[in-house]
Each structure stands twice: as C-alpha cells, then as structure tokens.
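S.K.: Sharing a structure with you now.
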Amino acid sequence: MADRSVDHLLVGGGLAAANCARWLRDEGGEGSILLVGREPHPPYNRPPLSKGYLQGGESVEDVLFRPDEWWADNDVELLTRTSVMKLDAERRVATLSTEEEVTFETALLATGANVRRLRVDGGDLDGIHYLRAIGNSDAIREEAERSERAVLVGGSYIGCEVAASLTAAHDVKCSIVMLEDVTLESHFGPEVGAWFQRVLEQHGIEVHGGQELARLEGTDGVRKVITSGGLELDCDMVVIGAGVTPDVMLAKQAGLQLGESGGVKCSARLESSVPGIYAAGDICEYDSPVHGRPIRVEHWDVAFNQGRTAALNMLGRPAEHDVVPYFFSDLADWASMEYVGPGAGEAVIRGSLDDGDFTAFYVDDGRVTAALTVGRSDDLEHAKRFINESGEIDKNALADESTDLGSLR
Ligand SMILES: Cc1cc2nc3c(=O)[nH]c(=O)nc-3n(C[C@H](O)[C@H](O)[C@H](O)COP(=O)(O)OP(=O)(O)OC[C@H]3O[C@@H](n4cnc5c(N)ncnc54)[C@H](O)[C@@H]3O)c2cc1C
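If you count the sequence shown from 1, you need to add 10 to reach my numbering.
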C-alpha cells in the first residue's frame, strides 16, 4: 500500500516540470500536484548561469522560475533535494529517496540532461569545471576571481558564452580549444560560425580549432591544457562544455521506450510508450508534426512550451506539440542571436555579416529548415512560416533585401 496518492506527479525540478505545474493550474486543473526535484533550489532558469548570473549581474532570486511563495499559493507541493528513485509504470507508483511511495494518475518525466564528462589524464584536478546547475556557476565565478587565465574546452554554446562572460565581467584571459574548425560550426555552419568566432577574437579571446584535448596537467590544481595536436596552453582554470546526454536513467528503469537520439520516445502529444506517462524538455524525443520526424531538442523555449503541451494532455485535453523550436544565446553584451529550427542546409544570408546585422536562412532541398538571426528578430516570424509551410523557396529573393519576406512562400 502506497503512502499517499496524487493526481499529477512531476519528476524533475527543472523548467519543463515547473511550467507544466503552472499550466496545470492556469488551465483550471484542480487535482493535486507533486513536483519532485533533486536539486536544493526550487525550479530556475539555466540560461543565466553562463550569462548574467555568471557575470554577477543576476541573483538566485532573479533566475528562479517563480518566487518561493508561488508554489504554496498555487497549491503545488514542491519537494526539493528529493529524487524519484523508482517508477513502477504499470502500478503507477513512484518511490522517492525519502522512501515514501506515491501513486499517481498521470506523471511527467522531465529529468533533463547530464553534462558529458571527458575522461582524460588530469581530468580530476582542482580548477576543472562543468556547468549545469547554480552551484557550478557559483564555483566558476569564485575560481574566476582568483584566476588570470582560463581555457574553455568546447566551441559550442557553453564554451563561447562562458568565455565571453569571464572576459567581459571577470577580466580573465580566455582561450577556447575545440574539435571544430570554427566556433558553433556544428549548429550553424562554417560561415555563420566564423562570424561568432570573429566577435570572440575581437574581444581578445584566442580560439584554437581542430584540437582534441589530450590531457590536463598541474600539481596544485590545473595549470596546463595539452591537445593531441601538441598545443600547450597555460591556465589557472578550465571549463569544459562538451555537450550533454539526456538523463533517462529513471525512464529506462521504468521500462519506457527510448528513441534513436537516446531520449524518451514520445508521441506528438508527448505521451511516452506507457499511457498516462508524459515526457518534456531535454529528455523528450517526440514525433514532431512540424518536422515530420522524431526530434529531441535541448533548448529553454522547447522545455518551456512542452511543459504546457504536457499539462494540457494530462488534463485530458489532447494537444499536439506543434511549436517551431526556438533558441537564443548571448555572448556577453557583444552579440545576441536567435534561432528557429532545428535544421541544416546551405546558409542563405540576408543582410550583412560585416555589419553584424543579418539573418541566415538554412535551405535544404529548396526548403527553409531553420534560420538564425543577429539583430533581425522579425525575420524569424517569416522563417517559422516557411518551415511550417515547407514549400520551395526562391533563394535569390530570400537574400535580396528589396524583397518583402511577407510576399515569399
Ligand atoms: C549553463 C546553461 C545555459 C543555457 N543557455 C541556454 C540558452 O541560452 N538558450 C536556450 O535555449 N537554452 C539554454 N540552455 C538549455 C536549457 O536550459 C535546457 O534546455 C532546459 O533547462 C531543459 O529543461 P528540462 O526541464 O528539460 O531539464 P533541466 O532544467 O535539466 O531540469 C531537470 C531537473 O530534473 C532533476 N532530476 C533528474 N532526475 C531526477 C530524479 N530521478 N528525481 C528528481 N529530480 C531529478 C535534475 O536534477 C534537474 O534539476 C542552457 C543550459 C545550461 C546548463
């Protein structure tokens, strides 16, 4: 016999679970809600951890999803520092780290992602950091206060954003070491990636492409980064941003089917292979009606919006997740970009890379699959329409600024 029962069990104290709780209430749900998260903090937004919070301009209160009193005011029971250890999908019983057993009517799994750790010699020296949670950002900021030189391993968002934040706000001399030839290349292609790299270099950040981390050295903490290409960089600290993997430990234990990307396989309604159990956020590999294929996306906005879609379905109101995924990133106050996708293809540039005012439309097989903009947010509304309509596009007209994007399809 379980210790108690709830209508809605939300597993994971991150953005997707938090926004699901919010929409369960906003859509008039009156059932009991239990949100269980293993971190010490109530749900918060992670993007500032590599930006404003890391720079020192934002506090913990600033990054919280909702103020502390919101949870009780909305009759949502929030358990922090608590993990769901086991999920019996058939009997609908969850076992918590407190040993309490909870039965549920519907459940949401939103357990997020874990950082990918690099196993190299010297990888456990002091002064080596990964970034996922508030405590990691605090530790990086403290280390930056006593450091002159940092090496960022990885040329994707985390590496680039942290390099910009440490340079701009903490006056730390930064170098980026990465496998790619240019920063952010794997997401946006070489031309647009090179634009971001130029911005970083113009602010004094050294970028070393085509370099694989071989080992880290030091006696009283990390002092040297050595690559397999023979590059040796002195440093006082290292931040590794080598991507994440979806945290599907609980989903696996519960016997939920996984998809090709390693996420929890879900329908367009975000329902897992077990009826009544949903997934959202970084772990959710859903059948996207927009893309016509299963996708899994690790973006703030996707976790946010999927929380809502899951809530509607948990309330018995069938809703497909048909939002075009959106992403944003800032390099200190040097550059801000926004992206809709995900997609690939030839980058058709509208505007000027030299002036830092452009949109890159990614065109594959004649169709717009994604778009990235610096300074032209309005273009993304057109891009979303192109992605949704999936018709052939005239590339010359797309690049020609005298063509009204509203007239294209
Ligand atoms: C530093 C940083 C900067 C980012 N910047 C951007 C950005 O600029 N733009 C953007 O679009 N995206 C950004 N992201 C990505 C975005 O924050 C994530 O996509 C989003 O947080 C995913 O939300 P989630 O709810 O799926 O998972 P998470 O936010 O990871 O939350 C999952 C939570 O579940 C908990 N948990 C796991 N297993 C259990 C269990 N068994 N029991 C209880 N709790 C459990 C975890 O501890 C975690 O707290 C950034 C991420 C990071 C780390």
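Backbone N, C-alpha and C fix where the C-beta goes; we use that ideal spot for every residue, glycine too.
1) Whole angstroms is fine: what's the gap from residue 419's alpha carbon to residue 221's?
2) Relative to the C-alpha of residue 38, which residue among 402, 377, 327 is closest?
3) Mind reading off the beta-carbon distance from residue 202 to residue 382? Whole number of angstroms is fine, and I expect it under 8 Å.
4) Could you check if residue 262 is buried or exposed, using at least 16 other CB atoms within 10 Å of its CB as the buried criterion?
5) How big is the Cα-Cα spacing for residue 357 and residue 265?
6) Would you be able to state if there are at least three C-beta pairs under 8 Å between the stretch 179–188 and the stretch 215–232?
7) Answer yes or no: do residue 27 and residue 120 have a C-beta to C-beta separation smaller than 8 Å?
8) Which of helix, strand or coil does DSSP assign to residue 304?
9) Any heavy atom of ligand 1 inside 7 Å of the beta-carbon of residue 49?
10) Is the beta carbon of residue 90 less than 8 Å from the beta carbon of residue 51?
11) Please classify residue 32: is it buried, with 16 or more other beta-carbons within 10 angstroms of its beta-carbon, or exposed?
12) Buried or exposed: which applies to residue 65, given that a residue is buried once 16 or more other Cβ atoms fall within 10 Å of its Cβ?
13) Measuring CB to CB, does residue 139 end up less than 8 Å from residue 248?
14) Going by C-alpha distance, which of 80, 63, 79 is nearest residue 72?
15) Buried or exposed, going by whether 16 or more other CB atoms sit within 10 Å of the CB of residue 384?
16) Does the count of Cβ pairs from the stretch 291–298 and the stretch 79–94 closer than 8 Å reach three?
17) Using 8 Å as the threshold, is the C-beta distance between residue 29 and residue 317 below it?
18) DSSP puts residue 225 in a beta bridge; with which residues?
19) Taking only three categories from DSSP, how would you classify residue 123?
20) Tell me where the beta strand (DSSP E) around residue 105 begins and ends.
21) Let's test the definition: count the other Cβ atoms within 10 Å of the Cβ of residue 156 and tell me whether it reaches 16, buried, or not, exposed.
22) What's the call for residue 360, buried or exposed, on a 16-neighbour Cβ count within 10 Å?
M.R.: On the basis of the data shown:
1) 42 Å
2) 327
3) 6 Å
4) exposed
5) 41 Å
6) yes
7) yes
8) strand
9) yes
10) yes
11) buried
12) buried
13) yes
14) 63
15) buried
16) no
17) yes
18) 131, 236
19) strand
20) 103–106
21) exposed
22) buried
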